[in-house]
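For reference, the structure discussed in these notes is given below.
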Amino acid sequence: MSVIAVAVVVRHGCVLVGRRAENAPEAAGLDEFPGGKVEAGEAPASAAARECLEESGIAVRIDGLLHRASSVATHGPLEILFFAASALDDREEPLVPFAWIPITELAGRCFPPANARVVELLAQGRS
Numbered sequence: 838m839s840v841i842a843v844a845v846v847v848r849h850g851c852v853l854v855g856r857r858a859e860n861a862p863e864a865a866g867l868d869e870f871p872g873g874k875v876e877a878g879e880a881p882a883s884a885a886a887r888e889c890l891e892e893s894g895i896a897v898r899i900d901g902l903l904h905r906a907s908s909v910a911t912h913g914p915l916e917i918l919f920f921a922a923s924a925l926d927d928r929e930e931p932l933v934p935f936a937w938i939p940i941t942e943l944a945g946r947c948f949p950p951a952n953a954r955v956v957e958l959l960a961q962g963r964s
């Protein structure tokens, strides 16, 4: 089973969200939080911070585990760990395709099913 670490970065009532490419092998065209596969010997929280910086250009501090989900990809089962995170510099703007999206707009966006509970938690003010 692959482990995926995701950073859920909240800043001033907005959350860092990107959109997967239309030709992506998994979840094409869907919205996503920055994250990716945990490498051998890497702590999941460190992987979430690394992936966030690599994908969005935003350096973060991991604040704790927010949610754990399971999913199945074409290459097999996934364990997805969503970490609450804070931007280290709240003036930074992310790299495309990431943007700061108001939490109030998340419900109208199209995330993979494994992200549904995280979107609910954010709407409830828990991050």
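For what it's worth, my numbering labels the leading residue of the sequence shown as 838, then goes sequentially.
No residue lacks a Cβ here, since even glycine has one placed at the ideal position from N, Cα and C.
Would you kindly work out how many angstroms separate the C-alpha atoms of residue i and residue j, rounded to a whole number?
| i | j | result |
| --- | --- | --- |
| Gly901 | Glu930 | 23 Å |
| Ala877 | Ala844 | 19 Å |
| Glu957 | Ile940 | 10 Å |
| Pro881 | Ile841 | 8 Å |
| Arg960 | Leu943 | Strictly speaking, residue 960 in this sequence is Ala, with Arg absent from that position. One C-alpha to the other measures close to 8 Å. |
| His912 | Met838 | 9 Å |
| Phe935 | Leu853 | 6 Å |
| Glu869 | Arg946 | 10 Å |
| Cys851 | Ile895 | 14 Å |
| Ala910 | Arg928 | 35 Å |
Let me make sure I understand the geometry here. Which of the options has the alpha-carbon closest to that of residue i?
| i | options | result |
| --- | --- | --- |
| Phe948 | Ser839, Cys851, Gly855, Glu916 | Gly855 |
| Leu890 | Asp868, Ala861, Leu918, Val933 | Val933 |
| Ser908 | Arg954, Ser923, Asp927 | Arg954 |
| Leu925 | Glu863, Leu903, Val897 | Val897 |
| Arg963 | Trp937, Asp927, Leu903 | Leu903 |
| Ile899 | Pro862, Ser923, Glu888 | Ser923 |
Sorted by chain position, which residues of the same chain lie with C-beta nearer than 8 Å to residue i's C-beta, five sequence neighbours on each side aside?
| i | result |
| --- | --- |
| Ala865 | Arg857, Ala858, Glu859 |
On the DSSP bridge assignment, give the partners of residue i in chain order.
| i | result |
| --- | --- |
| Ile938 | Val852 |
| Gly837 | Any question about residue 837 goes unanswered here, given that the chain covers just 838 to 964. |
| Glu957 | None; Glu957 has no bridge partner. |
Using a Cβ-Cβ cut-off of 6 Å (strictly less than) and excluding sequence neighbours within five positions of residue i, which residues of its own chain qualify?
| i | result |
| --- | --- |
| Glu796 | No information on residue 796 is available, as it lies outside the stretch 838 to 964 that the chain covers here. |
| Ala951 | Ala906, Ser908, Ile917 |
| Pro914 | Met838 |
| Gly873 | Glu888 |
Counting only runs that start and end within the region 839 to 913, where is the alpha helix (DSSP H) found for 4 or more residues in a row?
881 to 893
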